[in-house]
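Numbering (my numbering), first residue to last: 2 to 63.
Below is the structure:
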């Protein structure tokens, strides 16, 4: 599962990026920059979460 957030300094500003926080297949916390559009960032977060799930299940190489 991934979480979507904005950095504190960027809240209230237009055009700033959303960030995706997730735990990778090794159990390490990762952060990835998303897009200025929240919906696009949510879609990217879903793709990342699905890829991590497949790697953990052994269905995809890391």
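Virtual Cβ for every residue (Gly too), placed ideally from N, Cα, C.
Test item: CB-CB of residue i and residue j under 8 Å
| i | j | result |
| --- | --- | --- |
| residue 24 | residue 49 | no |
| residue 40 | residue 5 | no |
| residue 18 | residue 3 | no |
Residues sharing a beta bridge with residue i, DSSP
| i | result |
| --- | --- |
| residue 31 | 23 |
| residue 5 | 21 |
Helix, strand or coil at residue i according to DSSP, with G and I counted as helix
| i | result |
| --- | --- |
| residue 37 | coil |
| residue 47 | helix |
| residue 60 | coil |
| residue 54 | helix |
Burial state of residue i, where buried means 16 or more other Cβ atoms lie within 10 Å
| i | result |
| --- | --- |
| residue 35 | buried |
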